[in-house]
Structures are given as C-alpha cells and as structure tokens.
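Residue numbers (the working numbering), protein chains in the order written: chain A, 69 to 301; chain B, 69 to 301. Comments concern the structure below.
There are 2 protein chains.
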Amino acid sequence: MNPIEPVLAADTKERILDAAEALFIEQGFAAASLRTITARAGVNLAAVNYHFGSKDELIRAVFTRRLEPLNRERIALLDELERNAKGRALPVEQILEAFLISGVRVARDARRGGTLFVRLLGRAFAEPTEQVRQLLPEQFQEVVARYKAALALSLPALPERELVWRLHFIFGTIAYTMGGSDVLQLTSSHPLKDEGNDAETLIRHLVPFLAGGLTAPLAGAEGGRKSRRQNSN
Amino acid sequence: MNPIEPVLAADTKERILDAAEALFIEQGFAAASLRTITARAGVNLAAVNYHFGSKDELIRAVFTRRLEPLNRERIALLDELERNAKGRALPVEQILEAFLISGVRVARDARRGGTLFVRLLGRAFAEPTEQVRQLLPEQFQEVVARYKAALALSLPALPERELVWRLHFIFGTIAYTMGGSDVLQLTSSHPLKDEGNDAETLIRHLVPFLAGGLTAPLAGAEGGRKSRRQNSN
DNA sequence: GTACGATTCATACAACTGTTTGAATCAATC
DNA sequence: GATTGATTCAAACAGTTGTATGAATCGTAC
C-alpha cells in the first residue's frame, strides 16, 4: 500500500484515526510511530497533537469512536430480545449470538471499522499497555453486566462464581478469535482461512462451542472424571 | 521492586533472560528497552548484544529457554497416556488436562519461569510483532499436531474441519486465561482473584468448559436454532 | 478586501532507541 | 608471574521517538 494519501476519509481527524487503526494492528501501539501514522494519513505530523493532544489520547480516540456505537447496539439488541421474551429466560445461544452479531455487523461495514477494528479489539485484550488496560474496562463495564445478568437468568443452576469463570473463558475465546492472528497456524494445513474471512461462518462455529462450554456439567461434583458425555453430536 | 540487582540468578546470560521475561510482561516487547532490562538485571547495557547478538534474538531466547522443555513434557505426558490406553481413544478431558497440567507445573516452579512465563506466553499469542509471530508456530507445531491427532481419535464423529475450528477456540481461551489480564475486570466484584492465583483451580474450571465446547453438537445441522440442551448440569 | 479564528506546515527540541567500539578487567593456563 | 581468551565496562554512534513552536495558509464573516 502506498504510504502517501491512501486514506480517503474527508477530514484530517478521521484520516488520522483510520491510519492509526490500521497501523496499530500491523505493528502494535508502541511500535506504530506518529510519523508513520501521519504519513499514511497524508497529514502533517503536528496534526495528531493538534487534534488529539497526545499519542495516548489518540489511542483512546481510536477505540471510543468504534466502541461507543458498538456497545450501544449490543445493549439495544439484548433489550429487544428481553422485551420479546416477556420475563422468561432466553436461550443461551440467543444471548451469545446477540453479543457476537454486533461484532459481525461492524466487521462487514467498512464505515464502522470493518475487519480492521474487530481485529484491533481482539488484540487490545492482550495488550499490556497501561492506557489500553484502563480504557477497556470502562468501555465494557455496562455491556458485560447486562449480558452476565441475562446468562445468569438462563442458567439458574450455575453458581455465580462459576458463571464468572466461564465468562472469562468466553471473552478469551472471542478476543483471540477476533484478533485473527492464528499464531499456531492451525489453518495452514486446511482451507479454513477463506471461510474465516466470512464473519458469519465464524459465529456459526463459535456459538455452539461457547454454549457447550457454558452449559457443561460442573467439575468434580461427582468425584470421578471418567467420561460422562464422551463424544460429539 | 528495586530496579537495581533484584535478579538473583548466577550468570549474566540468565539474569538478562529473567529480567527481560518480567519486563516483557509489564510493558510489552517493543516498549521494554534494553536499558531497562539490563538495569533490572544489574548488568551492563552491552551485555545483551554480546551474549545474544540483538534484541530480537533476546526475545527469541526468552521463549525457547522455557518452551523447549515445556513442550517436551507435553508430548511425554501424551505419550504416557496413549501407552496406557493401548490404542483405545482417550477421554477428551484427559487430553485437555495433560496439555494444561504441564503449564501448571511451570507456573508453580519458579526455576521454570513460574507465573511470569505462563503469563508472557499468553500475551505472546496476541502480539503482532513479527519475530514473535514467526517464533510460536515453529515452537508449537509438533505439540499441536500430536494433541490434535489424539482429540480426533476421541471424537470420531467430529469432522476434521470442525475440530480445527474448535482447536482455535481452545487455544484462544487458554491464551487469554493464562495471560491473566482480566481486562474486563470481571473479578472485581468477586473474590475470584485469590482462587485464580492457584493454577490448579484454574484447570478444574477450565477443563469442563473446554470439554463442553469440544463435544458440543454441531451447528445448524437440524436447521432451527431453538434451544436444544437449554441449561446447566 | 480585511480581519480573524481555525487549521496546516516546516522545523526544532530533548530524550530515548538498539548497536558498536576499544579499553579495562577477569579467570584460567602455562 | 606472564599470556591469553572471555567477559565487562563506560562512552559514543546514528537514528527515531513524542512533543512544542511560530510562521504560513485557509475559509468565513464583516
């Protein structure tokens, strides 16, 4: 890609955000320099500090721009499901799907960040940088609370402590999958890559897996660990 | 922690590796500078280039030092299980446990890296840096192939393509959990943190979740997505 | 057309980056 | 005790980093 003027957005501010979004994925937050970012955006170096104040606040802006509408949609989707259910518990799969489908919509809409932002978000969950670790909790707090409550209602036999554990696992799976690194090159021997680009296919595989883990029997309750449901479908 | 001489290892080479291991977690690979690393190791700046050649090779060395014995143990453990099973398929839980238990042993043994390295490994899976992305596949190739084969034998009804998908999800969960970031601060409202430090407790929760996902029914096979196994234990 | 606030620009700043150098120091061999 | 090879050291290298500055340019309202 040409480093000069490849970004087509209108105003400077958004061109910077677009370029930063792309470069943070390619190189990470620390390694992507303001000079590289402004060069790709076709914008003067000083523009970042003029419009955002600092690099840290640029990082923050990259996330909030996408995350705010995304999370609003996630809550709206859950609202609608619960309104239709009229107090009854929702199927676990439906809750998981509601959460994931919003991510898919973003991935498909270039104006909302497309695949780029979804991958960036996945990466951010493992990023040790201080600014990022402060940013994500406050952005996700409300969404997590809402979906956790919905799942608790659908899984009344699951102790809250166990639900928290499994929420952990679920977000880990989503984060890594959305990051799309495929570090282990599992797909190298398999034509799964082409499938994976289609975010809907991803969901179709992800939801059953997560639902399976979420509804799995508790550990060690009956003592032995001999096979209990020892096979697939 | 005192930045000067807190590392107790004997020779310079290992003190550098220890310090780098710790700082890569705290700050990331790009942000952790050689000056910070050598300062914490109580070692001259030039020592890194003398002993390792470059920062890139230092990063590589940090991983291979721990990963080589860890992966050898993982394969040995699976070897033993399969020897005892005499050709019969192993329970899914046992395979998952064999993989995870080695990680726990490392986490408990300070001389093998302790919690520090386990967390670093989790982080590395989301790291976009080129050196890391080239390092992990070659380090994990053999282990993944062996465990994949074992799982395929235990899940004969699961298509290989689907198994690859689910392996993806599993490694994502493990990576994020081991990374131990808790970005969403799920545990903040819950006294789960103290539990989580104990790696064995983690496994006791993780194995049922992963086994549940691995053995879940295939998606969309029967068309509708209405609840099919709509609850916990 | 001129005045004005907002934006862009080239340039400079000090601090930090990974790496290199050559002298100083060390431990072991003869 | 001199010699030698390995290791450590302080110092400097050129390049990059995020940020700040003040002049130049822009579009608009008067």
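Here a beta-carbon is modelled for each residue, glycine too, at the ideal position from N, C-alpha and C. Given the structure is predicted, the values throughout are model-derived calculations rather than measurements.
Bounding residues of the alpha helix (DSSP H) (the contiguous stretch that carries residue i)
{"i": "residue 86/B", "result": "80-95"}
{"i": "residue 106/B", "result": "102-109"}
{"i": "residue 195/A", "result": "No alpha helix (DSSP H) contains residue 195/A, which DSSP labels as neither H nor E."}
{"i": "residue 173/B", "result": "160-176"}
{"i": "residue 239/B", "result": "228-247"}
{"i": "residue 139/B", "result": "123-153"}
{"i": "residue 114/B", "result": "Here residue 114/B belongs to no alpha helix (DSSP H), and DSSP marks it neither H nor E."}
{"i": "residue 272/B", "result": "267-282"}
Residue j beta carbon less than 8 angstroms from that of residue i
{"i": "residue 223/A", "j": "residue 160/A", "result": "yes"}
{"i": "residue 180/B", "j": "residue 246/B", "result": "no"}
{"i": "residue 97/A", "j": "residue 195/A", "result": "yes"}
{"i": "residue 284/B", "j": "residue 227/A", "result": "no"}
{"i": "residue 149/B", "j": "residue 214/B", "result": "no"}
{"i": "residue 231/A", "j": "residue 221/A", "result": "no"}
{"i": "residue 138/B", "j": "residue 170/B", "result": "yes"}
{"i": "residue 287/B", "j": "residue 273/A", "result": "yes"}
{"i": "residue 133/B", "j": "residue 211/B", "result": "no"}
{"i": "residue 281/B", "j": "residue 243/A", "result": "no"}
{"i": "residue 125/B", "j": "residue 271/B", "result": "no"}
{"i": "residue 129/B", "j": "residue 85/B", "result": "yes"}
{"i": "residue 172/B", "j": "residue 267/B", "result": "yes"}
{"i": "residue 93/A", "j": "residue 191/A", "result": "yes"}
{"i": "residue 83/A", "j": "residue 109/A", "result": "yes"}
{"i": "residue 207/B", "j": "residue 131/B", "result": "yes"}
CB-CB length for residue i against residue j, believed under 8 angstroms
{"i": "residue 174/B", "j": "residue 185/B", "result": "6 angstroms"}
{"i": "residue 304/A", "j": "residue 91/A", "result": "Since the first residue shown for chain A is 69 and the last is 301, residue 304/A is missing from the structure and cannot be characterised."}
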